[in-house]
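Worksheet: the structure to be examined is printed underneath.
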Amino acid sequence: MILPALFFYLFAGVCVASAFMVIAAKNPVHSVLFLILAFVNASGLFVLMGAEFLAMILIVVYVGAVAVLFLFVVMMLDVDFAELRQGFLQYLPVGALVGVVFLVELLLVVGTWVIGPGIPRAITAPIPQAITNTEALGRVLYTQYIYYFQAAGLILLVAMIGAIVLTLRHRPNVKRQNISDQVARTRATAIDVVKVRPGQGL
Amino acid sequence: MTPFPSLVPALPEILLALGAMTLLMIGAYREDSTKLVNICAILLLIVAMLIVARLPDATTFGGSFVIDSFARFMKILAYVGSASAILMSLHYQAREGQRAFEFAILIVLSAIGMGMMISAGDLIALYLGLELMSLALYVVAASNRDSTRSTEAGLKYFVLGALSSGMLLYGCSLIYGFTGTVSFAGIAKASAQGGGIGLVFGLVFLFAGLCFKVSAVPFHMWTPDVYEGAPTPITAFFAAAPKVAAIALFVRVAVGAFPGIVPQWQQILVFVAIASMALGAFSAIGQRNIKRLMAYSSIGHMGFALIGLASVSSGGAQGVLGVQGVLIYIAIYLAMTLGTFAVILSMRRADGMVEQISDLSGLARTNPALAFFLALLLFSLAGIPPLAGFFAKYYVFLAAIKAGLYTLAVLGVLASVVGAYYYLLIVKIMYFDEPAKGFEPMPGELKAVLGVAGLFNLLFFVYPAPLLNAATTAAKSLF
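Chains as they are written, first to last, in our numbering: chain B, 2 to 203; chain F, 909 to 1387.
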């Protein structure tokens, strides 16, 4: 029992620390790298909870796509974050005050919250032991809710077609690459052998 | 483990979706494939129509997709409207040099959304179908990118449509919050004892979103601008098929999900119907542009159709009568609108399309056949016997009187009298004014649409039984 607890505190601690570093790092590239570290640790937490599919998706989608995109944008744009963050300490008291007010409000709201007696048992679905995460999600997404899933897919298809219809323009005077034309080009169509007689020109 | 749901009830939608994707590939990889794509899209819709007509009653996808007589009736109408819109655009596209093959594909995708709306059995399916239909409509409204008016129409429609979707979703979430279920049957069970104030709030927001889609007052503001700005074949499409689907959804939600709180939604519908009829009648009088006029006319007609729904005071015979009135109204409205737009689409001179009412002056002398058919359709729109439009109004007023809504029926008759003024004004301009320059000859497919629509309106009273029986069967399937 000690080992999972140890790993939990390891992942959670590193996750919180790197999340803090995301906003504290001077260099924006370092920020994004800390963000990736936070994601990897969060996915470690998912593995500990038995949600291995979510853990892998977090790595694939957030680290593989989103964070890399962030990194790309940060490197491309060359934003001077140090300049943007000037006066951060100066406004800290006001910001902290607002934060504390919100915190107190939230505590007051949550403090009066009464949870019905049957609710906690009703909302926690038991984790099925016989099937894997992936299969369970697949059953929900591709069997139980396949209709909604496919309908949402069609809506995205319409959005894509719409974006193309409304923005794509074929300009007449622009040379475009036509690969089949290039491949179909032979010696006979490309070269014209002309016999030039002396003193006459073409 | 839940077994995989049966796909048979959704066969028409699946066919249309696969067909649309195939056509997209054909359009993207073949040069000059606009005509081919258009014709294939029409054939797809016709095949889907034939399949729908033969589908047995069924419910699938955990109750979120329903096929019954009502769904069959409305889907056939929606597919007819969509296919006719593509058919009527063939000549326009060829003449205006529009090479966008995506137009027909977007209409097919929009028809899938309509099918999903008509068959919706819960709030999620309702929303997904509505968005699929609307998103395609926003794009086609703006499809003529070189015209600022078309772009404006698309943008206006999109922004207001997004707003109405937000209201609809807010209503849906309130309803879910207060009943604990998204399925119409579940909501009906939860609201059988009257439901609380929260449910009524949700109902009002949901109805506001639906009113926007059928362009009923006070959510009609977008209609005239969008109808005027969009390219004419697309206006013809807007006026026909999406209205059918939205009305079908309206009926299914009202009757299927809220039979327990009829008095609550009945007063909303009575107000919306009266306001739509009045605005449709009075605002159309000053119009010079025939597309704007048709926009106000469609607002008014939606008001008349909603009279039928407002008359559903209880289940049983009275409910059947009300829904049957709506179904007959919407079927005849579809025929009248498609026919009228076939005429508007043929208003073309050598220098392009014209759309002012004054351009029709003296049409009876330059093109007597066209003038005759347009006059016929306008008489029918005004509701003059023995044309089909009269029977459409007759059945909704009958339902209203049986339900005891006398004020509504009387106001409806008065509004249709006022409305008759501007329809007859056009007839007068065509028959008694000095002839303007004639139009170009009408292309064959428009003649076909106009001929079928005109003859349907003219001869409906001779043999109305098929439509009446189909509407009664469809209405009974909801109760």
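Each residue gets a CB set at the ideal place from its N, CA and C atoms; glycine is no exception.
Note that the coordinates shown come from a computational prediction; the quantities given were computed from them, not determined experimentally.
*Does DSSP classify F/Arg1196 as helix, strand or coil?*
coil
_Contact set between the segment 1045 to 1061 of chain F and chain B, restricted to residues whose Cβ is under 8 angstroms from the partner_ = Tyr1046, Val1047, Ala1050, Ser1051 and Arg1053
_Burial state of B/Arg188 (16 or more Cβ within 10 Å)_ = exposed
_I need the straight-line Cα distance from F/Ser985 to F/Ala1378, nearest angstrom please._
The sequence shown places Leu at residue 985 of chain F, rather than the Ser named in the question. Spanning the two alpha carbons is a distance of roughly 12 angstroms.
*Check distances from the C-beta atoms of the segment 1033 to 1044 of chain F to those of chain B and list, in chain order, the residues that come in under 9 angstroms.*
Ala1033, Leu1036, Gly1037, Glu1039, Leu1040, Leu1043 and Ala1044
*asked:* Which complete alpha helix (DSSP H) runs does the segment 1184 to 1270 of chain F hold, if anything under 4 residues is left out?
replied: 1198 to 1218 and 1224 to 1253
*Mind checking which residues open and close the alpha helix (DSSP H) that includes B/Ile60?*
Counting along the chain, B/Ile60 falls outside any alpha helix (DSSP H), and DSSP gives it neither H nor E.
*For F/Asp976, which residues from the same chain have a beta carbon less than 7 angstroms from its beta carbon, with the 5 sequence-adjacent residues on both sides left out?*
Asp965 and Ser1385
_Partners in chain B for F/Leu1063, counting only beta-carbon separations shorter than 9 angstroms_ = Result: empty, since nearest Cβ-Cβ is about 10 angstroms, beyond 9 angstroms.
*Got a sec: which bits of the segment 5 to 30 of chain B sit with their beta carbon under 7 angstroms from any beta carbon on chain F, in order along the chain?*
none
*alpha helix (DSSP H) containing F/Phe1120: first to last residue?*
Ile1105 to Lys1121
*Tell me, please, whether the segment 1285 to 1297 of chain F touches the segment 1214 to 1233 of chain F by the rule of three or more beta-carbon pairs shorter than 8 angstroms.*
no
*Tell me the DSSP bridge mates of F/Thr1315?*
None, per the DSSP bridge assignment.
_Can you give me the C-alpha to C-alpha distance between F/Gly1005 and F/Ile1026, rounded to a whole angstrom?_
35 angstroms
*In this structure, does DSSP put F/Thr967 in helix, strand or coil?*
strand
*asked:* Taking the alpha carbon of F/Lys1345 as the reference point, which residue from F/Met996, F/Ala1156, F/Met1255 and F/Val945 has its own alpha carbon closest?
replied: F/Met1255
*Decide if the segment 921 to 931 of chain F is in contact with the segment 953 to 960 of chain F; the criterion is three or more beta carbon pairs, one per stretch, under 8 angstroms apart.*
yes
*For F/Phe978, go through chain B and note every residue whose CB falls closer than 7 angstroms to its CB, in chain order.*
By Cβ distance, chain B contributes nothing, its closest Cβ being about 19 angstroms from F/Phe978, past 7 angstroms.
*List the whole-angstrom C-beta distance separating F/Ile1032 from B/Tyr149, where the pair is believed to meet the contact cut-off of C-beta under 8 angstroms.*
6 angstroms
*asked:* Quick check on F/Ser1191: buried or exposed, where buried means 16 or more other Cβ atoms within 10 Å of its Cβ?
replied: buried
*Taking Cβ-Cβ distances shorter than 8 angstroms, what residues in chain B pair up with F/Ile1013?*
Ile162
*Determine the DSSP secondary structure at F/Ala1138, reduced to helix, strand or coil.*
coil
*To the nearest whole angstrom, what separates the beta carbons of F/Met1075 and F/Gly1117, a pair I think is in contact under 8 angstroms?*
5 angstroms
*Go ahead and label F/Leu1367 buried or exposed: buried means 16 or more other beta carbons lie within 10 angstroms of its beta carbon, across all protein chains shown.*
exposed
*asked:* Taking CB distances under 8 angstroms as the criterion, tell me whether B/Val62 reaches chain F.
replied: no
*Opening and closing residue of the beta strand (DSSP E) in which F/Ile975 lies*: Phe973 to Ile975
_Boundaries of the alpha helix (DSSP H) in which B/Asp182 is found, first to last residue_ = Ile180 to Ala185
*Note down, in chain order, every chain F residue with its Cβ under 7 angstroms from the Cβ of B/Gln130.*
Correct list: empty, because the minimum Cβ distance to chain F is about 14 angstroms.
_Through-space distance from F/Glu939 to F/Ser1205, alpha-carbon basis_ = 40 angstroms
_Determine whether the beta carbon atoms of F/Gly1233 and F/Tyr1303 lie at a separation below 8 angstroms._
yes
_Is the separation between the beta-carbon of F/Gly1137 and that of F/Ala1061 shorter than 8 angstroms?_
yes
*asked:* Please tell me whether, using a cut-off of 7 angstroms, the distance from the CB of B/Phe21 to the nearest non-hydrogen atom of the ligand ATP is below it.
replied: Of the ligands one can find in the structure shown there are none, so the ligand ATP has no counterpart to examine.
_Strictly below 9 angstroms CB to CB, what residues from chain B border F/Phe1347?_
The contacting residues do not exist; F/Phe1347 stays about 30 angstroms from chain B at best.
*List the residues of chain F whose Cβ lies closer than 7 angstroms to the Cβ of B/Leu155, in chain order.*
Ala925, Leu1017, Ile1020 and Leu1040
*Flag F/Glu939 as yes if its beta-carbon sits less than 8 angstroms from any beta-carbon of chain B, otherwise no.*
no
*Which partner residues of F/Ser1091 appear in the DSSP bridge assignment?*
F/Asp1030
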